[in-house]
Amino acid sequence: MAGKVWVALQQRGDELHPMSGEAIAAGVRLAATVGSEAEAILLCAEPGTAAETAARYGAAAVRVIQHPSLGAYTPGAFTGALSAAASTEAPGWIVLAHSYQSVDYMPRVAHALDAALVPEVIDFRADDGGVIWTRPVFAGKMQAEVRVRGEGPVVLSVQAGAFPAAQGEASAPISTLDLAADITPDREVLGVEEVAGEHVDLTQAPIILAVGRGIGGAENMDKVEELAAALGAEIGASRPVIDSGWLARDRQIGSSGQTVAPKLYIAAGISGAIQHLVGMKGSRCVVAINKDASAPIFAISQYGIVGDLHEVLPALTEAVKEAKA
Amino acid sequence: MKIGVCIKQVPDTEARLRPSASGQWIDEEEIPFAINEGDEYAIEEAISIAEQTGGEVVVVTVGPERAREALRKALAVGAHRAVHLADEAYAGGDCWATARALAAVANRESFDLILTGSQSADVGFGTTGTLLASMLGWPHAWLVVGLEVADGSAKVTREMEAGKNELLQIGLPAVVEVQAGINKPRYASLKGIMQAKRKEVAELSPADLELDPSQVGAAGSRLEFLSVSVPPKGEGAQILEGDTAEVATQLVDKLRTEARVL
Ligand SMILES: Cc1cc2nc3c(=O)[nH]c(=O)nc-3n(C[C@H](O)[C@H](O)[C@H](O)COP(=O)(O)OP(=O)(O)OC[C@H]3O[C@@H](n4cnc5c(N)ncnc54)[C@H](O)[C@@H]3O)c2cc1C
Ligand SMILES: Nc1ncnc2c1ncn2[C@@H]1O[C@H](COP(=O)(O)O)[C@@H](O)[C@H]1O
């Protein structure tokens, strides 16, 4: 049998991070593909409810590595623990969520194990004894199929939303995995802060008009404001708009900003990178306005307008005003 | 303080991308290239630290001849020297191969700090900087939105999910992988552009770095790109047709009567 598939879990507080359920789903499917078995590995100071929750997602076993240094996340301690355990048990694959925490230490684990690294997997298939992985390139505008060359373990992360978590009735056995290694944090965590801002709460807005880099500059924001006023919409933005200083940080939507699900979301001049999509794909109706007909945002939209937003936004303002008159 | 900045030249965000004839990568003919967005912020961060501490900034890229332009731009905004790993042998590297080459440069230069971007806009591994740190035996921080360097250590603000930041302290030397938005990159002045022409750009072959050609580029990589394609659209959007005024009216009408969200 091929080596086992390990899924390295992540905690949020004492709960299981939601992306870990998806990572288990990917691991279970991978195990079926390569004829192996998936085990979920929890690195923690205290398992909390995470181990029990993980046990319901379809893995064959949940194994807990417990150590006081695994409380506050540090790449040094997490790499030390996971790579020491993996050196002993030699899993063939280590699956992680493509999250801010896991990707921070995943390359170190790969280095420690001399493993190939496949970040941000969105799909895979068996091929001639191996596995072919699909992952986004060019921020999701294209996707690539890649294959690992050579022998040895493979460390991979799976993109948010690509492998839906499947919670079942059965509960996998939970056991402890003894750590035979000294592990040391390699950074000091001084604290956590909320990103400063005037705290615009976009989560309650029924309509959001979101603008992206395609707006071109702060000087064009009046067109956006006029349409937002006509619609009664809040204004949101993709990250480059914020990074360029065209709007305040608290209007950012996406993985490092707010998560919204309005009834209507209009995305103007936004390409549709995953980090943006995770913050808005729960919206009831998405409209995309983009001059590039192949922009990925159209794939998750209900209505699309292919055109220059500098013309489309004022025309929409007129049409909305007319309809409301 | 001697600061290394790893930069990559990538297709401009506006570039129209098409698969190449072989289908394994995109067609790079006639598309505009630019410095990777995150790396522009890394350059700015390095220059402003050097201005405060009187240090030297060395920009390093692994990339073909065209990437010389990216180095020149970095020199024009204030980097002092450049290292260009342009040899054919470096081409087609994954994060393993690229980090290995960058680590060899770091060892040769004895940097006190290395800045990188968090993710490249083309292959988008998000792993090269951390792998580099691991190879050097240095600490790292990924997704950095704030950096303060003070004797022997760095205070780092790292982005977390959902609008939170984490404050960290790491020892130097370290690899700090900056995130877009950490600063305001400056523009090159005319004087800067003129001066850049006289600044040193060293080309180093694998032999210069005491690396075997089999350790870098496609040969030194664990990942092989088989194909690139435009992602399937699924059901996709209903695209509205007509002149601008017509589509605007159509959309408002559909939002009212079909989707019932207005
Ligand atoms: C760790 C991490 C976290 C991130 N967090 C976030 C986040 O929280 N939120 C977020 O949004 N991004 C985030 N990003 C960035 C993300 O990867 C993308 O870079 C970003 O979402 C792209 O923004 P954009 O679509 O506005 O810009 P681009 O991708 O540059 O797209 C601009 C679009 O505008 C179109 N356009 C240009 N001109 C016009 C015109 N005149 N009329 C119509 N259309 C036009 C273009 O065709 C293009 O599709 C994050 C990235 C990383 C690595
Ligand atoms: N070919 C390269 N030359 C120099 N630096 C690179 C190269 N590839 C990646 N990097 C650096 O590593 C960062 C992350 O890239 P990646 O791991 O490809 O997402 C980039 O922002 C660069 O700072």
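Same order as they appear, the protein sequences are chains S and Z.
Count along the first sequence starting at 1, add 119, and that's the number in the working numbering.
Count along the second sequence starting at 1, add 73, and that's the number in the working numbering.
All C-beta atoms in this analysis are idealised placements derived from N, C-alpha and C, irrespective of residue type, glycine included.
Everything numeric in this text was worked out from a predicted model, so none of it was measured.
Check                                                                                                                             : Outcome
Interface flag, residue 176 of chain S vs chain Z, CB-CB below 8 angstroms                                                        : no
Against chain Z: residues of the segment 392 to 417 of chain S by CB proximity under 7 angstroms                                  : 403, 404, 406, 407, 413, 415 and 417
Distance, residue 168 of chain Z Cα to residue 153 of chain Z Cα                                                                  : 26 angstroms
Which residues DSSP lists as bridging residue 326 of chain S, in chain order                                                      : S/383
First and last residue of the uninterrupted alpha helix (DSSP H) at residue 202 of chain S                                        : 194 to 208
Three-state class that DSSP yields for residue 139 of chain S in the structure shown                                              : helix
Cβ-based burial, residue 139 of chain S [other Cβ within 10 Å; buried from 16]                                                    : buried
Buried or exposed (CB count within 10 angstroms, at least 16 for buried), residue 54 of chain Z                                   : Here chain Z comprises residues numbered 74 to 335, so residue 54 of chain Z is not present and cannot be evaluated.
Complete runs of the alpha helix (DSSP H) confined to the segment 210 to 271 of chain Z [at least 4 residues]                     : 263 to 269
Reduced DSSP category for residue 413 of chain S - H, G, I as helix; E, B as strand; rest coil                                    : coil
Spatially closest choice to residue 128 of chain S from S/288, S/149 and S/178, by CA coordinates                                 : S/178
Proximity of residue 175 of chain S and residue 296 of chain S at Cβ, strictly below 8 angstroms                                  : no
At least 3 beta-carbon pairs within less than 8 angstroms: the segment 311 to 320 of chain Z vs the segment 179 to 197 of chain Z : no
Identity of the residue in S/147, S/311, S/375 and S/292 nearest residue 215 of chain S by Cα                                     : S/147
The segment 140 to 157 of chain S: positions lying closer than 8 angstroms to chain Z by Cβ                                       : none
Whole-angstrom distance between residue 89 of chain Z and residue 409 of chain S, CA atom to CA atom                              : 14 angstroms
One or two residues paired with residue 261 of chain S in a DSSP bridge                                                           : S/256
Check whether residue 291 of chain S and residue 180 of chain S have beta carbons under 8 angstroms apart                         : yes
Residue 171 of chain Z beta carbon near ligand 2 (any heavy atom closer than 7 angstroms)                                         : yes
Test: residue 310 of chain Z CB closer than 8 angstroms to a CB of chain S                                                        : yes
Status (buried if at least 16 other CB within 10 Å, exposed otherwise) for residue 264 of chain Z                                 : exposed
Three-pair Cβ contact test at 8 angstroms for the segment 251 to 262 of chain Z versus the segment 142 to 151 of chain Z          : yes
Contacts that residue 294 of chain S makes with chain Z (C-beta to C-beta distance below 9 angstroms)                             : None at all; the shortest Cβ gap to chain Z is about 30 angstroms.
Classification of residue 225 of chain S by the beta-carbon crowding that lies within 10 angstroms, buried from 16 upward         : buried
Partner residues on chain Z for residue 235 of chain S, Cβ-Cβ distance less than 7 angstroms                                      : 295 and 296
Presumed contact (8 angstroms Cβ cut-off) between residue 251 of chain Z and residue 118 of chain Z, rounded CB distance          : 6 angstroms
Residue from S/164, S/363, S/402 and S/413 with nearest C-alpha to residue 421 of chain S                                         : S/402
Proximity test, Cβ basis, 8 angstroms: residue 120 of chain S and chain Z                                                         : For residue 120 of chain S, the predicted model reports a pLDDT of 48, less than 50, meaning its position is unreliable and no value from the coordinates is stated.
Given residue 256 of chain S as reference, the closest of Z/77, Z/76 and Z/83 once Cα atoms are compared                          : Z/83
Any C-beta of chain S under 8 angstroms from that of residue 284 of chain Z                                                       : no
When Z/253, Z/331 and Z/293 are compared against residue 110 of chain Z, the one with the closest alpha-carbon                    : Z/253
Rounded separation between residue 256 of chain Z and residue 363 of chain S - CA only                                            : 9 angstroms
Residue closest to residue 341 of chain S, alpha-carbon to alpha-carbon, out of S/433, S/184, S/304 and S/375                     : S/433
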